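So for the sequence shown, the numbering used here puts the first residue at 688; every next one is plus one.
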Amino acid sequence: MHDVDDGDIIIAEGDSLPSRTCHGHACLDHAIYFWITRFHASSQHDHHGACMMSEKDRNIFLPDKYWEEFSFYIEREPQADYVHAPVDAHEAFRDMKFGVRVHWGLYSIWELQGESWPYLKMNKEKRAAYQELYKTWNPVGFDAEGWMRFFDRAGFKCFAFTTKHHEGFCMYDTRTRVKRRINWTGKDQPFIEDCDLAYSIMETPFKHDVVRELCDAARKHGIKIDLYFSHPDWYDADFRPYGHHPILTEEALDDPRAFDAHTVGFFTGDYLEVMSAPTAEESARMMQRHRDQLVEIIGNYKPDMCCLDIRLGPRNWPHVRETIKLLRKMHPPVMFRNR
688 MHDVDDGDII IAEGDSLPSR TCHGHACLDH AIYFWITRFH ASSQHDHHGA
738 CMMSEKDRNI FLPDKYWEEF SFYIEREPQA DYVHAPVDAH EAFRDMKFGV
788 RVHWGLYSIW ELQGESWPYL KMNKEKRAAY QELYKTWNPV GFDAEGWMRF
838 FDRAGFKCFA FTTKHHEGFC MYDTRTRVKR RINWTGKDQP FIEDCDLAYS
888 IMETPFKHDV VRELCDAARK HGIKIDLYFS HPDWYDADFR PYGHHPILTE
938 EALDDPRAFD AHTVGFFTGD YLEVMSAPTA EESARMMQRH RDQLVEIIGN
988 YKPDMCCLDI RLGPRNWPHV RETIKLLRKM HPPVMFRNR
């Protein structure tokens, strides 16, 4: 259920703006990853690519390889009560042409290539250390206004920013709480433990809502806002085994596609951890926290676009679908992208 398709990446993934070389702006303590993006001025797409702008364009589809990943559980046509973004929102997207996508999170402290993906290849000791990095997060040189002045001078019409990447750390002021997490320090194997924290930037020494500051500065400069959100959450044990979660279950091993757990073949040796399936209570809590975070992002920041990354499998699709409908009612102009 999505309305936009972004364009060609013209700077290689992983190119970074390291600390101490900030183009005249106050320096940061962590690397920032920039993707410069040209937005296609072509027709926008819904679900697997059915175009929204004309009946003729409805014959345009996304490549079969992409659609096949989820065509076995996502309906071909959206449900009748789903309302698409209005035409003026599509036209505003067409007019953007040129933007920048910024990846910034805990992975920046260690300057990891591939954002949080290297987490899946870390041993238990390194994963435990990674999960504690938030306690050191303090980029005192951050200047949202300076970023937007730079983007404005560069001619960017929009910017995209990671509110939460797969490892689960929130770069905004979330009121949601993680209740169960993986403790990687167990002598023989990791275990799931109770906890009560937001796992967000507001629990760091920095204590600034970076997303709020960037959105406010962007609007002053007339720059459109695209907020990225990861469906999976590798910190929250309730989200196992969905979306490449580092904790798998026997059911996910037997049928990885049902859980979007394609990393089953990726894990080997020390990287493979199998635990019990989540209880009904854990699953319900997962989907409620997932919905609550998206309600926060759409309701509090009113982005022009929202990029939703990876999936939570067929079992959770009905709940995700209803969440998207809810978000559309909250903020009709937002353009959703299924990445």
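No residue lacks a Cβ here, since even glycine has one placed at the ideal position from N, Cα and C. Just so you know, these numbers come straight off a predicted model, no measurement behind them.
Residue i: first and last residue of the uninterrupted alpha helix (DSSP H) it sits in
| i | result |
| --- | --- |
| Tyr753 | Asp751 to Trp754 |
| Gly786 | That residue, Gly786, is in no alpha helix (DSSP H); its beta strand (DSSP E) goes Phe785 to His790. |
| Leu940 | Glu937 to Asp941 |
| Leu1014 | Gly1000 to Met1017 |
| Lys907 | Val897 to Lys907 |
Assigned secondary structure, residue i (DSSP; H/G/I helix, E/B strand, else coil)
| i | result |
| --- | --- |
| Ile985 | helix |
| Ser795 | helix |
| Asn1025 | strand |
| Glu764 | coil |
| Leu959 | coil |
| Ser758 | coil |
| Asp979 | helix |
| Met739 | The predicted position of Met739 is uncertain, since its pLDDT is 47 and thus under 50; no value can be drawn from it. |
| Ile696 | Here Ile696 scores only 29 on pLDDT, less than 50, and its place in the model should not be relied on; the value that follows carries that caveat. Of the three classes helix, strand and coil, the one that applies to Ile696 here is strand, per DSSP. |
| Asp782 | helix |
| Asp925 | helix |
| Ser803 | coil |
| Glu947 | Correcting the residue type first, residue 947 is Asp in the shown sequence and not Glu. In the structure shown, Asp947 sits in coil (DSSP, three-state: anything other than H, G, I, E or B). |
| Asp671 | Coverage of the chain is limited to positions 688 through 1026, which leaves residue 671 absent and any answer about it impossible. |
Beta-carbon proximity check, residue i vs residue j, cutoff 8 angstroms
| i | j | result |
| --- | --- | --- |
| Ile997 | Ser917 | yes |
| Cys993 | Val1021 | yes |
| Val770 | Phe848 | no |
| Asp925 | Met973 | yes |
| Cys845 | Gly786 | yes |
| Leu914 | Ile869 | no |
| Tyr760 | Pro919 | no |
| Tyr922 | Phe856 | yes |
| Lys858 | Val827 | Just to set this straight, residue 858 is Met in the shown sequence, not Lys. No, the Cβ-Cβ distance between Met858 and Val827 is not below 8 angstroms. |
| Ala1034 | Asp991 | What is shown of the chain runs 688 to 1026, which leaves residue 1034 out entirely. |
| Glu756 | Ser803 | no |
| Ala772 | Pro1005 | no |
| Leu999 | Val1007 | yes |
| Ile910 | Phe829 | no |
Same chain, Cβ closer than 6 angstroms to residue i, neighbours up to 5 away in sequence not counted
| i | result |
| --- | --- |
| Arg862 | none |
| His908 | Met835 and Asp839 |
| Met889 | Asp860 |
| Met962 | Ile934 |
| Met1017 | Ile985 and Gly986 |
| His689 | Bear in mind that the predicted position of His689 carries a pLDDT of just 48, short of 50, making it unreliable; the figure below should be weighed with that in mind. Answer for His689: Phe1023, Arg1024 and Asn1025, listed in chain order. |
| Ala831 | Glu900, Leu901 and Ala904 |
Same chain, Cβ closer than 8 angstroms to residue i, neighbours up to 5 away in sequence not counted
| i | result |
| --- | --- |
| Glu1009 | none |
Terminal residues of the beta strand (DSSP E) in which residue i lies
| i | result |
| --- | --- |
| Tyr915 | Lys911 to Ser917 |
| Asp996 | Met992 to Asp996 |
Own chain, CB closer than 7 angstroms to residue i, minus 5 neighbours either side, in chain order
| i | result |
| --- | --- |
| Ala964 | Thr936 and Glu938 |
| Arg814 | Tyr806 and Trp871 |
| Pro928 | Ile934, Leu935, Thr936, Ala939, Phe946 and Ala948 |
| Met809 | Tyr817 |
| Pro892 | Trp824 and Asn825 |
| Asp883 | Arg864 and Lys866 |
| Asp979 | Thr863 |
| Leu799 | Pro805 |
| Thr1069 | With the chain covering only 688 through 1026, there is no way to say anything about residue 1069. |
Cβ of residue i within 8 angstroms of any chain D Cβ
| i | result |
| --- | --- |
| Ile912 | Although the question refers to chain D, the structure presented lacks it and comprises just one protein chain. |
Restricting to runs no shorter than 4 residues, where is the alpha helix (DSSP H) found entirely within the stretch 815-879? As far as the stretch 815-879 is concerned, its whole alpha helix (DSSP H) runs of at least 4 residues are 831-841.
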